[in-house]
Amino acid sequence: MKHIINSTGNHNNDRCILEALVRYANNQNYTARFSRSNPLAGDPENAHDIDFTPSNAGKLYATQFLMKKYNIPVKSILGFGDSGNDEAYLSYLEHAYLMSNSRDEALNQKFRLTKYPYYQGITLHVKEFVEGKYNH
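Residue numbering for the sequence shown is 1 to 136, as defined by full-length UniProt numbering.
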C-alpha cells in the first residue's frame, strides 16, 4: 500500500514524522519504507512516498517463493526497482537495476542504473538479458 505524505517544509520535522510512521508500522508487523516522491512519475513536488507492506510480503519474498517453487537459480532473475522499498530485493539479485529515473540518491550509488528511464529502460535490459548479454 503506497501513500504520499506532503512535506511540512521542515526537513527535521518531516524525518521525525516518517520515522514515527516506520516505528508504528514495525509494531504492527508491517515494513514501512519512505523515499522522495517523483514528480516525473506524477507524484506531487516536495512529498514523500511511504510504502507499507506486511513483513512477509514484497518483491523479495515473492521472488524467493517462485525461485524455490520452480527451482530457478538467482542468476536467472533480472530485477528492477526505483526506491528504498526495493533495496533488499535488488541486493539479493545478481542482475539488479535501479531505474534511472529514481530519485533515491543512496540507491543510485549502490546499484547499476538502467540506460533509459521508465519502460524504455526495462525493455532494453530485458531484451539484452534474454539475448544472453548478462551471462546468465
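For glycine and all other residues, C-beta sits at the position ideal for the given N, C-alpha and C.
Counting pairs of beta carbons, one from the region 119-131 and one from the region 62-73, are three or more of them closer than 8 Å? no
Secondary structure at Asn71, three-state DSSP: helix, strand or coil? coil
His103 to Asp14 span [Cα, whole Å]: Contrary to the premise, residue 103 reads as Arg rather than His in this sequence. Between Arg103 and Asp14, the C-alpha separation is close to 17 Å.
Among residues of its own chain, excluding the 5 on either side of His78, which ones have a beta-carbon nearer than 6 Å to its beta-carbon? Looking at the sequence itself, residue 78 is Leu, so the reference to His does not match. Closer than 6 Å at the Cβ level, and outside the excluded window around Leu78, lie His95, Phe129.
Using a Cβ-Cβ cut-off of 6 Å (strictly less than) and excluding sequence neighbours within five positions of Ser83, which residues of its own chain qualify? Answer for Ser83: Ser35, Asp104, listed in chain order.
Could you check where the alpha helix (DSSP H) with Thr123 kicks off and where it finishes? 118-130
Would a C-beta distance cut-off of 9 Å place Arg23 and Asp51 closer than the cut-off? no
So which of Ala88, Asp49, Asn12, Ser76 has the shortest CA-CA distance to Asn135? Ser76
Going by DSSP in three states, Tyr97 sits in which element: helix, strand or coil? For Tyr97, the secondary structure class from DSSP, reduced to helix, strand or coil, is strand.
Could you please give me the residues that DSSP links to Ser35 through a beta bridge? Asp49
Kindly indicate which residue of Ser91, Phe80, Val126 has the alpha-carbon position closest to the one of Leu113. Phe80
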